[in-house]
Structure formats: structure tokens, C-alpha cells
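Quick mapping for you: the protein sequence lines, in order, are chains A and B. All residue numbers in the first sequence are consecutive under the numbering used here, ending with 244. All residue numbers in the second sequence are consecutive under the numbering used here, ending with 446. By construction, the Cβ of each residue, glycine as well, lies at the ideal position given by its N, Cα and C atoms. Bear in mind the structure is a predicted one, so any value in this text is a computation, not a measurement. Contents: one structure, followed by commentary.
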Amino acid sequence: MTFESAGRSLADFTVELDVYSGPYEWLLALILKDELEIFEVPLRELVGLYAGSRDPESPNALDRDTDFAGSAAALILLKSRTLSPAVEPEADGEDAVAASPEELAERLQEYLKVRRAAEDLRGRFARAAGHYPSAHVVPPKPGRLRVAEDRVALAARRTFSRLLEPPVRHLGPITVTVQELVGLIRASLLRGPVSFEDLTRNMDRLRSAVAFAAALSLAQEGGVRLLQPEPLGALTLELVEPPR
Amino acid sequence: MSERAPAPEHLLEAVLLVSARPIRPADLASATGLPPEAVETALANLSERYSPETSGVVLRAVAGGYLFSTNPACSVAVERFREEARPAPLSGAAHEVLACALYLGPLTRGAVSRVRGVNSDAVVRNLLERNLLAEAGADRDAPGAPALLAVTDEFLAATDVASREDFPPLDSLVSREELDRVRERLTSPEATSEAPAGPETT
Numbered sequence: 001m002t003f004e005s006a007g008r009s010l011a012d013f014t015v016e017l018d019v020y021s022g023p024y025e026w027l028l029a030l031i032l033k034d035e036l037e038i039f040e041v042p043l044r045e046l047v048g049l050y051a052g053s054r055d056p057e058s059p060n061a062l063d064r065d066t067d068f069a070g071s072a073a074a075l076i077l078l079k080s081r082t083l084s085p086a087v088e089p090e091a092d093g094e095d096a097v098a099a100s101p102e103e104l105a106e107r108l109q110e111y112l113k114v115r116r117a118a119e120d121l122r123g124r125f126a127r128a129a130g131h132y133p134s135a136h137v138v139p140p141k142p143g144r145l146r147v148a149e150d151r152v153a154l155a156a157r158r159t160f161s162r163l164l165e166p167p168v169r170h171l172g173p174i175t176v177t178v179q180e181l182v183g184l185i186r187a188s189l190l191r192g193p194v195s196f197e198d199l200t201r202n203m204d205r206l207r208s209a210v211a212f213a214a215a216l217s218l219a220q221e222g223g224v225r226l227l228q229p230e231p232l233g234a235l236t237l238e239l240v241e242p243p244r
Numbered sequence: 245m246s247e248r249a250p251a252p253e254h255l256l257e258a259v260l261l262v263s264a265r266p267i268r269p270a271d272l273a274s275a276t277g278l279p280p281e282a283v284e285t286a287l288a289n290l291s292e293r294y295s296p297e298t299s300g301v302v303l304r305a306v307a308g309g310y311l312f313s314t315n316p317a318c319s320v321a322v323e324r325f326r327e328e329a330r331p332a333p334l335s336g337a338a339h340e341v342l343a344c345a346l347y348l349g350p351l352t353r354g355a356v357s358r359v360r361g362v363n364s365d366a367v368v369r370n371l372l373e374r375n376l377l378a379e380a381g382a383d384r385d386a387p388g389a390p391a392l393l394a395v396t397d398e399f400l401a402a403t404d405v406a407s408r409e410d411f412p413p414l415d416s417l418v419s420r421e422e423l424d425r426v427r428e429r430l431t432s433p434e435a436t437s438e439a440p441a442g443p444e445t446t
């Protein structure tokens, strides 16, 4: 899923939501980077904001509407997927069996209690808002710092523990290497600058990802320059002439 | 000429004034050199003096200690002076995650997501940044020993309670009839084809 078409015509569209305030494009970027949960974004409000900002007389009104409809549809799809129950594979590798109505009822009852507790908390937070404590902050004295044992143990565990490897069973065999795509990029650049979109037009997702890694690798070596005039905008690759 | 020793209330006022966090009575006794009984009496007097009805500063018993705060009735003036708006209220999802940690915790991120039925990592991250949640140990029985999440003293202060025991029991928040209705909706033969209601979207 991409929001690639929403890069230009919506550049001047800004939104004011409880969870976010700023350019719409950045909102999309935050959602894609998991910095903002799609669940938190009120899509209906978003559509209302766009409808309110719309100028039908604008020369690029159609482009804007199309871009917004495309990105909004992607957001709806993403949100609907997020709201779908996650399938948790069983330890033996088989897919989880559907929960029985009794199990579902228990889970829903527990969720209902949590939901009520959340409503109770909302009221408590609202009633306690407006209490500001002393602004005086005493700087800690280095010689008297207290170190909590459990926090030290937690930090050590994080430092030395091995991260869980993500499951990769759903991925097919990797049949392409960074070196191959480095060669392809170099060959394409002999004819002049090339956009990443054109470069990966006929590639599948895996090859596109490896092509991106190859482009980054070339850029790091200094053989290629990556140009992206604006966040989420088109990415262009350009050969760097070696110094004479 | 010898100086008169400050009254216990004055000592406590001075110490409480410079703290941005709740101070436990034992720490107040230790800082002021007063016996615990004198601290208790002085705190009772101060609570009366610094009540919302009589002062712009209030003494709150929160998170196991005592804290001087501004009176919420004066918050507009404080916010204008500090040139900052009141922090945006938490979202519904954030309240649910906090409720999970408060009543079912300490629990892992995965457990929070299982209870809510949706991935909650972004909400948890936000709450950790706001110091309302904290990692409190690890679930050593689970693969990878994921961190356990618990509510913090800042959470207790933000909800204006002295301790976790001040919250109503979880089971008291939903009536038996309501729970039975949920079970009936899902287990009755004609309801088997209906999808259960999930978290509301905003």
C-alpha cells in the first residue's frame, strides 16, 4: 500500500485533529512510520476537513480530489485491517482455530470492563486537569543518586538480550542480490538521471526493496546522488561525476 | 538572642513548596526532623488551609504522598502566564491502555493488544513518553521476556488519587445484566453468524 500520489497536489492541505496538527502529507508519513496509530485518526473528520478546504474553481481541483480520494481509501483499508482480529499462529506452526462463542463472550466481557474503566479514567483525568505542581526542580546531586536494582537489570537485559527474529516464512526465496541491482542502477544511470519510480516500475516488492538498498549503498559510496525535493516526493538518482 | 524554631506547618510548607513530585510523610519527617505524629497533625492543618475553597494553592494527597499544586480554578491565569496551552486530553485508546495496565497489569504490550483486539504499540509508546506508563520488569516465562507495563506515580497524580486502591474494582464498573447480555448475544444460536462488536473507532 502506498500513498505515492499524495505527494504534490495536497502539499498545501493542513489538518487540525486532536491527535495531530500539521500538513496532511506528514500525517500520512507518521502513520506509515507507525509513529501515529491509524486507529487514533478520525477518518470522517479528515474527510470533512478536506471537503471544507476544497476549492472547485482551482485549476488542479481534479488532481487534488483524486489524490485525496486515493490516500483516504488507503487509510480506510489500513484502518479496517488494523481493526480486524489479528491471527496468532499456534506454537506448532498451524493457524489458530477460530475462538468459540464462549471464548469470544469472555473476551468481549473483559473488553467491556476495560472500556468502562477507560471512561472512568477519562472523567478522573478531566477533573484533575489544571493542577500545576511547583516549577522548582532540584537538580540531582551525583553523589546521592539512587539506582533502582530492577531498572539496572532491565537496562542490562535490553543491552545484552538477543532480539527476537521476525517470522520470515511468508517471504519467498530471495533470488536477487544488492550487487545485481547496483549493476542495473549503474547501467541505467549511464543514460542520465533516472527516477526511482521508473527504475522499479516492473519490479516486484522484493526487488524494489533491494533496489532501494542498492541505491542507498551507492549513495553512501559517493557514486550516486539521491535527490528528493520534498518529503515523500519523487526520488531521483543521479550519477556523481568522479573528480578529475 | 535565640531564634524561635519554625512551626511544623512552616517546615512542611517550605519543603513541599520546592518539590514537583509528591513527598511521602516519612520523607517529610526525615527532611524536617519532626516526629511522624507531628507531621500528620501539621499535614491535616495544611490540608485545611490549602483547600480549593480558601487558596489558589492546594495541598493534594496523591500517589502516596503530598503535593502542592495550583488550584484548577486558577488554571487559566497560570496557563496565560506560562504562555502554554493545557496538554491535549488523552485519546480513548490511551485511556483503554491505561485501564489495562491499572487493572490487569503489570502486563506486556502483546497482552494489552489482545485485550483491546488491536495493536496498541503506538499508544503505549506515547504513554511511556508522557510518563503515565513505565516498564516494570519482564515476563520471563514468555519468549524473549517482553517488558511488563505498569502505571506510574505520575498517572496516580494525574488522576488525583493517593493509591491504586482508590480506583473502583473492575467488576463493579459493569453490571451483571450487561455482561449477561453480551454473553447471550454471542452464544445464542441465532447470533452465531453475527460479528462481535470491537473497539469503537473515533
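Report task. Could you tell me whether the Cβ atoms of B/Ala-321 and B/Val-367 are closer together than 9 Å? Result -> In this structure, B/Val-367 does not lie closer than 9 Å to B/Ala-321 by Cβ.
Query raised in the report: If you measure from the beta carbon of A/Gly-93 to each beta carbon in chain B, is any gap under 9 Å?
Result: Here A/Gly-93 scores only 44 on pLDDT, less than 50, and its place in the model is too uncertain to base an answer on.
Report task. With DSSP collapsed to three states, give me the class of B/Gly-309. Result -> B/Gly-309 sits in a strand when the DSSP states are folded into three classes.
Query - Straight-line gap, A/Arg-54 to A/Leu-10 (C-alpha atoms, nearest Å) - result: Linking A/Arg-54 to A/Leu-10 through their CA atoms gives a straight-line distance of about 11 Å.
Report task. Give the straight-line distance between the Cα atoms of B/Val-341 and A/Glu-37, rounded to the nearest whole angstrom. Result -> Answer to the nearest angstrom: the Cα atoms are 13 Å apart.
Query raised in the report: In its own chain, which residues sit with a C-beta less than 7 Å from the C-beta of B/Phe-411, not counting the 5 before and 5 after it?
Result: Excluding residues up to 5 positions away in sequence, Leu-346, Val-405 lie with their Cβ nearer than 7 Å to the Cβ of B/Phe-411 in the same chain.
**Report entry** Presumed contact (8 Å Cβ cut-off) between B/Pro-269 and B/Leu-287, rounded CB distance
**Finding:** A Cβ-Cβ distance of about 7 Å is found for the pair B/Pro-269 and B/Leu-287, placing them in contact under the 8 Å criterion.
**Report entry** Under 9 Å between C-beta atoms of A/Ser-161 and B/Ala-258
**Finding:** No, the pair does not count as a contact, with Cβ atoms beyond the cut-off.
Query raised in the report: Got a sec: is the Cβ-Cβ distance from A/Val-168 to anything in chain B below 9 Å?
Result: It does not: the Cβ of A/Val-168 has no partner Cβ on chain B nearer than 9 Å.
Report task. Mind checking who A/Asn-15 pairs with in its DSSP beta bridge? Result -> Residue 15 of chain A is actually Val in this sequence, not Asn. Answer is A/Gly-22.
Report task. Would you grab the beta carbon distance between B/Pro-431 and A/Pro-101 for me? Rounded to a whole angstrom, and I think it's under 8 Å. Result -> The identity of residue 431 of chain B in the sequence shown is Thr, whereas the question assumes Pro. Contact holds; Cβ gap of about 5 Å.
Query raised in the report: Roughly how many angstroms separate the alpha carbons of A/Leu-108 and A/Gly-52, rounded to a whole number?
Result: Each residue's alpha carbon lies about 38 Å from the other.
Report task. Could you spell out the range, first to last residue, of the beta strand (DSSP E) harbouring A/Leu-235? Result -> Element bounds for A/Leu-235: n/a, residue is neither H nor E.
Query raised in the report: Can you list the residues of chain B that A/Arg-122 reaches, using a CB-CB cut of under 7 Å?
Result: The answer, in chain order, is His-339.
Query raised in the report: Comparing the C-beta of A/Tyr-267 with each C-beta of chain B, is any distance below 9 Å?
Result: As shown, chain A starts at 1 and ends at 244. That puts residue 267 of chain A outside it, with no answer to give.
Requested in this report: For A/Pro-133, decide whether its Cβ has a neighbour in chain B, counting only Cβ atoms nearer than 9 Å.
Outcome: So, interface residue.
Report task. State the CB to CB distance for the pair B/Asn-203 and B/Thr-396, rounded to an integer number of angstroms; the pair is presumed to be in contact (CB under 8 Å). Result -> Lying before the first or after the last residue shown, residue 203 of chain B is absent from chain B, which here runs from 245 to 446.
Query raised in the report: Is the CB of A/Ser-161 under 9 Å away from at least one CB in chain B?
Result: It does; some Cβ of chain B falls within 9 Å.
Query raised in the report: With distances taken from CA atoms, which of A/Tyr-111, A/Ala-118, A/Arg-116 is nearest B/Arg-360?
Result: For B/Arg-360, the nearest C-alpha among the options comes from A/Tyr-111.
**Report entry** With 16 other Cβ atoms within 10 Å as the buried cut-off, status of A/Asp-67
**Finding:** A/Asp-67 should be labelled buried.
Query - Chain-ordered chain A contacts of B/Tyr-347 [CB-CB under 9 Å] - result: Residues of chain A passing the Cβ test: Lys-113, Val-114, Ala-117.
Report task. Measure from the C-beta of B/Leu-417 to each C-beta in chain A and report whether the shortest distance is under 9 Å. Result -> Residue contact with chain A for B/Leu-417: present (Cβ-Cβ distance below 9 Å to some residue of chain A).
Query raised in the report: Can you tell me whether A/Ala-91 is buried or exposed, with buried defined as 16 or more other CB within 10 angstroms of its CB?
Result: Residue confidence for A/Ala-91 is low, a pLDDT of 44 falling below 50, so the modelled location carries little weight and cannot support an answer.
Requested in this report: Report yes or no: is there a C-beta of chain A within less than 9 Å of the C-beta of B/Leu-377?
Outcome: B/Leu-377 does not count as touching chain A.
Report task. Inspect the beta-carbon positions of A/Phe-13 and A/Glu-25 and report whether they are closer than 9 Å. Result -> Cβ distance < 9 Å, so A/Phe-13 and A/Glu-25 count as in contact.
Requested in this report: Could you tell me the distance, in whole angstroms, from the CA atom of A/Pro-133 to the CA atom of B/Ala-264?
Outcome: Roughly 5 Å separates the two Cα atoms.
Query raised in the report: Taking Cβ-Cβ distances below 9 Å as the criterion, which residues of the segment 361-375 of chain B are in contact with chain A?
Result: Correct list: Gly-361, Val-362, Asn-363, Ser-364, Asp-365, Ala-366, Val-367, Arg-369, Asn-370.
Report task. Evaluate the contact criterion for the segment 198-215 of chain A versus the segment 174-181 of chain A: three or more CB pairs, one atom per stretch, below 8 Å. Result -> Because the criterion of three Cβ pairs below 8 Å is met, the segment 198-215 of chain A and the segment 174-181 of chain A touch.
Requested in this report: Compute the Euclidean distance between the alpha carbons of B/Glu-253 and B/Arg-408, then round it to the nearest angstrom.
Outcome: Put simply, the backbone Cα of B/Glu-253 is about 28 Å away from that of B/Arg-408.
Report task. Taking A/Ala-135 as the reference, give the member of B/Leu-377, B/Leu-311, B/Leu-256 with the closest Cα. Result -> Comparing Cα-Cα distances from A/Ala-135 to each of B/Leu-377, B/Leu-311, B/Leu-256, the minimum goes to B/Leu-311.
**Report entry** 7 Å Cβ cut-off: residues of chain B touching A/Val-19
**Finding:** Think of a sphere of 7 Å around the beta carbon of A/Val-19: the chain B residues whose beta carbon falls inside it are Ser-335, in chain order.
Query raised in the report: By Cβ distance below 7 Å, which residues in the same chain neighbour A/Val-240 in space, the five residues on each side in sequence not counted?
Result: Around A/Val-240: Gly-222, Gly-223, Val-224, Arg-225.
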